[in-house]
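A quick write-up on the structure given underneath.
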Amino acid sequence: MWFDCDRFTSVCFLPRGSSPSLTTRTPRCVSDRLLRDRIRAGAVCKRTRERERERERRGRERRERERERREGERERRERGEREGREREEREREERERERGGGERERGERRERRERERERERGEREGEREREREGKRERDRERGGREREREREEGERERGEREGEREREREEERERGGREREREGGEGGGEREREREEGEREREEGERERERDREEGERGREKEREGKREEGEREGDRERREREERERERESEEEGEERHRERGERERGREKRERERKEGRERGGGRERERGRGERGRERERE
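FYI, in UniProt numbering the residues of the sequence shown are 1 to 302.
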């Protein structure tokens, strides 16, 4: 709810959401009942509303820049960790080659590299999911709630299918690893420890993704609730303004109707008075004419 402050300049200095008493802070046009009702309902002037919107826009831009900065730092940190792991893996492979490792060691290294790549792929998928989540948040701020909901449904279904395929691939790799362990015999303890470590890392990654998803869902639910309440409040304010305008319009129409009826009654009364007067004048003239005719006929007879 707002009003133009060019006419009511003293209202521009009211605090936001205040309901001032009309004795201490009264607009110059104190006879304007609608303005006073709007002030009591918490209205602010148009300039105040524009300043608030500008402040909110700057706040959104600042939060967006901060989020992008944090994402860039996280990406650089993860890239450094990934490069460090790859470098360590290359150095370990080099040392093992120098010691002259056999076919079994190379196969185990391939499995470890495959598990590492799968884990990194899962991390990248989680990062892309978080980026998509951020994009959905920005899209939701600009509107398009229905399209966003449909996109979320589709992405959730794709994510579930991808997770199911990932679990199937992981189970297949584990079965293959167990079969190779039964065939190899030697080095079983080391492979078992590596398998358990990979399993723990995978479970931890799944729990982390689940926590991120739940937190994102709770945040989206809170935002939807806040926007719904804000929309309801805005709708109530618009409804009150519409009812007030409707009452004013009806009052003006009733005044015009009464004025028109009064004018018609006045014109009807004047018309009837004029017709009555003209009728009396015509009746008197006929009487005089009839008298003159009778007197003339009587003189002729004489």
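Where a beta carbon is used, it is the ideal one built from N, C-alpha and C, also for glycine.
Determine the contact status of G122 and G205, defining contact as a CB-CB distance below 7 Å.
Residue mapping note: residue 122 aligns to position 122 of the sequence shown, counting from 1. Residue mapping note: residue 205 aligns to position 205 of the sequence shown, counting from 1. Contact: yes.
So, E148 versus R158, is the Cβ gap smaller than 7 Å?
The residue given as residue 148 occupies position 148 in the sequence shown. The residue given as residue 158 occupies position 158 in the sequence shown. Not closer than 7 Å, so no.
Report buried or exposed for G80, applying the criterion of at least 16 other Cβ atoms within 10 angstroms of its Cβ.
Reading the sequence shown from its first residue, position 80 is the one you call residue 80. With fewer than 16 other Cβ atoms within 10 Å, it is exposed.
Check whether the Cβ atoms of G226 and R115 sit closer than 7 Å, and answer yes or no.
Position 226 of the sequence shown, counted from the start, is the residue given in the question as residue 226. Position 115 of the sequence shown, counted from the start, is the residue given in the question as residue 115. No, these two residues do not count as a Cβ contact at 7 Å.
Should R191 be labelled buried (16 or more other beta-carbon atoms within 10 Å of its own) or exposed?
The residue you call residue 191 lines up with position 191 of the sequence shown. Label assigned to R191: buried.
Cβ atoms of R119 and E201: under 7 Å apart, would you say?
Here residue 201 refers to the residue found at position 201 when the sequence shown is read from its first residue. Here residue 119 refers to the residue found at position 119 when the sequence shown is read from its first residue. In this structure, R119 lies closer than 7 Å to E201 by Cβ.
Assigned exposure category for E108 - 16 Cβ within 10 Å defines buried:
Working through the sequence shown from its first residue, we reach residue 108 at position 108. So E108 ends up on the buried side.
What separation, rounded to the nearest whole angstrom, lies between the Cα atoms of R130 and E137?
Along the sequence shown, read from residue 1 onward, the residue named residue 130 stands at position 130. Along the sequence shown, read from residue 1 onward, the residue named residue 137 stands at position 137. Straight-line Cα distance between these residues: approximately 10 Å.
Using the three-state DSSP reduction, which class does E302 fall into: helix, strand or coil?
As a position in the sequence shown, residue 302 is number 302, starting the count at 1. Coil.
Compute the distance between the beta-carbons of R209 and G126, then report whether it is under 7 Å.
Looking up residue 209 in the sequence shown gives position 209. Looking up residue 126 in the sequence shown gives position 126. Yes, Cβ-Cβ distance for R209 and G126 is below 7 Å.
For E133 versus G216, is the C-beta spacing smaller than 7 Å?
On the sequence shown, residue 133 is found 133 positions in, with the first residue counted as 1. On the sequence shown, residue 216 is found 216 positions in, with the first residue counted as 1. The answer is yes: Cβ separation under 7 Å.
Contact defined as beta carbons within less than 8 Å: I believe residue 333 pairs with R112. What is the distance between those atoms, to the nearest angstrom?
Residue 333 lies beyond the range of the chain shown here (1 to 302); nothing can be said about it.
S251 to E153 span [Cα, whole Å]
The sequence position of residue 251 within the sequence shown is 251, counting from 1. The sequence position of residue 153 within the sequence shown is 153, counting from 1. When rounded, the distance between both Cα atoms is 52 Å.
For the region 60-90, which segments carrying the beta strand (DSSP E) assignment without a break, of at least 3 residues, lie completely within its bounds, in sequence order?
none
In whole angstroms, what separates the C-alpha of R180 from that of E78?
For the purposes of this step, residue 180 is identified with residue 180 of the sequence shown, where counting begins at 1. For the purposes of this step, residue 78 is identified with residue 78 of the sequence shown, where counting begins at 1. Roughly 33 Å separates the two Cα atoms.
Neighbourhood of E93 by C-beta distance below 8 Å, restricted to the same chain and skipping five residues each side:
As a working note, residue 93 is residue 93 in the sequence shown. Excluding sequence neighbours, E93 sits near R109.
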